[in-house]
Amino acid sequence: MDPMTETLEEVESICPDCLKEGKVAKIDAQILEENGKIWIKKECQEHGEFKSIYFGDPVLYGRWMKYKVQGDGVENAEIEGGWLEDLPKLYPKHNSQTVLSNLMVTNRCNLRCSYCFMNAGAAGYVYEPSLEELEKMMRQVREERPVPNKAIQITGGEPTVRDDLIEIVELAEEMGFTHIQVNTNGIKLAEDADYCRKLREAGVNTIYMSFDGMSKDANPWIEQNKKAVENLREAELGVVLVPVPIKGSNLHELGDIIRYAADNVDIVRGVNFQPIAFCGRPENVPEENRTKRRVDYALLMEALEEDLGGQIKKEDFYPVPFVHPISKLMENLKGEKQVEFTPNPGCGGATYAFVQEGELVPITRFIDVEGLMDLIRKQSEKSGMFKKARIATSLAKNIMDYVDLDKAPEDLDIKDLIVNALLRGDYGSLGKFHLKSLFIGSMWFQDPWNLNLERLKNCVIHYTTPDGIVPFCAYNGLGIGGKIRERYSMPIEEWEEKTGKKLKEDLWKGGPIS
Numbered sequence: 001m002d003p004m005t006e007t008l009e010e011v012e013s014i015c016p017d018c019l020k021e022g023k024v025a026k027i028d029a030q031i032l033e034e035n036g037k038i039w040i041k042k043e044c045q046e047h048g049e050f051k052s053i054y055f056g057d058p059v060l061y062g063r064w065m066k067y068k069v070q071g072d073g074v075e076n077a078e079i080e081g082g083w084l085e086d087l088p089k090l091y092p093k094h095n096s097q098t099v100l101s102n103l104m105v106t107n108r109c110n111l112r113c114s115y116c117f118m119n120a121g122a123a124g125y126v127y128e129p130s131l132e133e134l135e136k137m138m139r140q141v142r143e144e145r146p147v148p149n150k151a152i153q154i155t156g157g158e159p160t161v162r163d164d165l166i167e168i169v170e171l172a173e174e175m176g177f178t179h180i181q182v183n184t185n186g187i188k189l190a191e192d193a194d195y196c197r198k199l200r201e202a203g204v205n206t207i208y209m210s211f212d213g214m215s216k217d218a219n220p221w222i223e224q225n226k227k228a229v230e231n232l233r234e235a236e237l238g239v240v241l242v243p244v245p246i247k248g249s250n251l252h253e254l255g256d257i258i259r260y261a262a263d264n265v266d267i268v269r270g271v272n273f274q275p276i277a278f279c280g281r282p283e284n285v286p287e288e289n290r291t292k293r294r295v296d297y298a299l300l301m302e303a304l305e306e307d308l309g310g311q312i313k314k315e316d317f318y319p320v321p322f323v324h325p326i327s328k329l330m331e332n333l334k335g336e337k338q339v340e341f342t343p344n345p346g347c348g349g350a351t352y353a354f355v356q357e358g359e360l361v362p363i364t365r366f367i368d369v370e371g372l373m374d375l376i377r378k379q380s381e382k383s384g385m386f387k388k389a390r391i392a393t394s395l396a397k398n399i400m401d402y403v404d405l406d407k408a409p410e411d412l413d414i415k416d417l418i419v420n421a422l423l424r425g426d427y428g429s430l431g432k433f434h435l436k437s438l439f440i441g442s443m444w445f446q447d448p449w450n451l452n453l454e455r456l457k458n459c460v461i462h463y464t465t466p467d468g469i470v471p472f473c474a475y476n477g478l479g480i481g482g483k484i485r486e487r488y489s490m491p492i493e494e495w496e497e498k499t500g501k502k503l504k505e506d507l508w509k510g511g512p513i514s
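The sequence shown: position 280 = 280 (the UniProt record's numbering), numbered continuously.
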């Protein structure tokens, strides 16, 4: 081994070429530090060596990985039994609960995005479960124990092409989901302001909208996106912007997206970057294409830092499991299991920023978040008589030790916010925080070239499907979703004959189709 190469971790992965041949072959892999970057390297006896970027910055990797935590999984693991034949070969049991479930209601879409592999036109079939089938899928995540899933994303394809989307939302609310978001390209929301209102009244909490740039080159539907934001403001329905960063395409516009979000912080709740992942058809993704287009966390954050003049830095981002002590504290106070944020740190990270006189001020600039989280962790471990009173006293006494009031937003009562949220379970008080701040996050999904099974078995975002509950990166990165969709689909011609519709009629008539 090269003297400049250090093996940081022995893991397991899969062979991309075996996957092309229809096989899921588990192989050994290593997480390496080499030439100032972190790589995942693996070798298949049949197809040779594969090497892919994992983290572009060893310091960021080391800082995030120290927050690894083991989840408890679910008690009724039999509901996971429908993962086809592939996943049991890779690992026997999932380690995490479902924090957010994805419900794919159709693979039809009104656009044809260049990086999309899922739409019906590309697949050659239509996948569109009935209301009764969707109810069964929702029920299986609501029946997870010890913690029923309460947050669901209705996704596609493009969910708004379904005439009964409002009914689907109402059904989700009736079944007890307290957070319902719709993943959409925003075209219909731009065309119909009243539809936005109907979605909110039906129970939608958040719109999760594709938003790949501020120019028409990067985002051909930018004007429709902006109009959708206006209509959502009128409907009082919050939106999270979801760009797909692609090297050579839109990296230079990521800062402008943040600026736009900050200018509309009254209705834009956040920006969640999802760097391009090469899922779908492995045989159609040559190595040169992957290398030219890949964006890892470090590259993304460096682009943001440069474009925003240092207002947001890599050091401001923390991985998802960083907040795990909050779940444990709530368990201690309430005496019952709470949803656990226990993905691998590589699954994603975030920060919050406040807009002050046109500038972005990350929460890390006025709160010692590591010190505060350590305080919360210590309180979560307290036991014995009067523990709630002792925890309350300790938090009230010590919270402000971690806050720099000179740098904090003037109209934000941080002490009151934390006490209400943590001790009284008053999440309404968090609404004040969200209305004044901007969530900035990133989730880099795995594909066959960079897949780490340790990450996969700790995934907390799961698809609920006719064949059971499937982790996100298995559904997309291993092609399991495609198998399920095809199994429960019908050929386009048959669907058109049955419905009296033409698939091409879904396509948006108002502008370019990329």
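We put the CB at the ideal spot given by N, CA and C, even for glycine.
Three-state secondary structure (DSSP) at residue i?
| i | result |
| --- | --- |
| K328 | helix |
| R269 | strand |
| G48 | strand |
| S215 | coil |
| W449 | coil |
| G346 | helix |
| W64 | helix |
| T7 | strand |
| W83 | Any reading at W83 needs caution, since the residue's pLDDT is 47, under 50, leaving its predicted position unreliable; the model's value is listed next. W83 falls in the coil class under three-state DSSP. |
| P512 | Because P512 carries a pLDDT of 45, less than 50, the predicted location of this residue cannot be relied on, and the following value inherits that uncertainty. Of the three classes helix, strand and coil, the one that applies to P512 here is coil, per DSSP. |
| W39 | strand |
| F472 | helix |
| T464 | strand |
| Y488 | coil |
| F366 | coil |
| Y318 | strand |
| N102 | strand |
| S437 | strand |
| T499 | helix |
| Q224 | helix |
| L237 | coil |
| I246 | coil |
Quick check on this structure: which residue in the options has the alpha carbon closest to the alpha carbon of residue i?
| i | options | result |
| --- | --- | --- |
| L300 | I257, F322, Q338, K334 | I257 |
| L304 | E133, N272, P325 | N272 |
| G358 | I367, M137, Y260 | Y260 |
| Y318 | E336, M65, P159 | M65 |
| N398 | G213, Q379, E43 | Q379 |
| G208 | L199, A392, L251, F433 | The amino acid at residue 208 is misidentified as Gly; the sequence shows Tyr. With distances taken between Cα atoms, Y208 lies closest to L199. |
| M400 | K387, G384, L375 | L375 |
| K334 | Q356, P362, T351, A389 | A389 |
| H179 | V99, R487, E287 | V99 |
| R197 | G238, G371, L395 | G238 |
| P16 | R290, E33, T160, H252 | R290 |
| T499 | S101, L87, Q224, R162 | R162 |
| G56 | G73, Q45, E33, V74 | E33 |
| V295 | D86, P220, L8, L254 | L254 |
Could you please give the first and the last residue of the uninterrupted alpha helix (DSSP H) stretch that includes residue i?
| i | result |
| --- | --- |
| A123 | 120-123 |
| L478 | Looking at the DSSP string, L478 is not in any alpha helix (DSSP H), and its letter there is neither H nor E. |
| G255 | 254-263 |
| M301 | 297-307 |
Does the separation of the CB atoms of residue i and residue j fall below 7 Å?
| i | j | result |
| --- | --- | --- |
| Q274 | V244 | yes |
| C459 | P448 | no |
| I40 | A29 | yes |
| I152 | L103 | yes |
| S442 | G348 | yes |
| I246 | I276 | yes |
| A298 | I440 | no |
| P321 | P345 | yes |
| E454 | V141 | no |
| V339 | Q181 | no |
| E170 | A202 | yes |
| L451 | S13 | yes |
Just to confirm the assignment, what range does the beta strand (DSSP E) spanning residue i have?
| i | result |
| --- | --- |
| M138 | Counting along the chain, M138 falls outside any beta strand (DSSP E), though it belongs to the alpha helix (DSSP H) covering 131-142. |
| D28 | 26-34 |
| T178 | Neither: T178 is in no beta strand (DSSP E) and is coded neither H nor E. |
| A421 | First-last for A421: 414-423, but that is the alpha helix (DSSP H), not the beta strand (DSSP E). |
Counting contacts by CB-CB distance shorter than 7 Å, is residue i in contact with chain D?
| i | result |
| --- | --- |
| K502 | Among the protein chains of the structure shown there is no chain D, as only one such chain exists. |
With a threshold of 8 Å, are at least 3 pairs of Cβ atoms found where one atom belongs to the stretch 135-142 and the other to the stretch 489-502? By the criterion of at least three beta-carbon pairs nearer than 8 Å, the stretch 135-142 is not in contact with the stretch 489-502.
Quick test of the definition: if touching needs 3 or more C-beta pairs under 8 Å, does the stretch 356-370 touch the stretch 379-388? no
Spell out a yes or no on whether the stretch 61-76 and the stretch 115-127 are touching, meaning 3 or more CB-CB pairs, one atom from each, closer than 8 Å. By the Cβ test, the stretch 61-76 is not in contact with the stretch 115-127, since fewer than three Cβ pairs between them sit closer than 8 Å.
For the stretch 97-111 against the stretch 140-159, do three or more pairs of beta-carbon atoms, one drawn from each stretch, fall closer than 8 Å, so that the two count as touching? Touching, yes.
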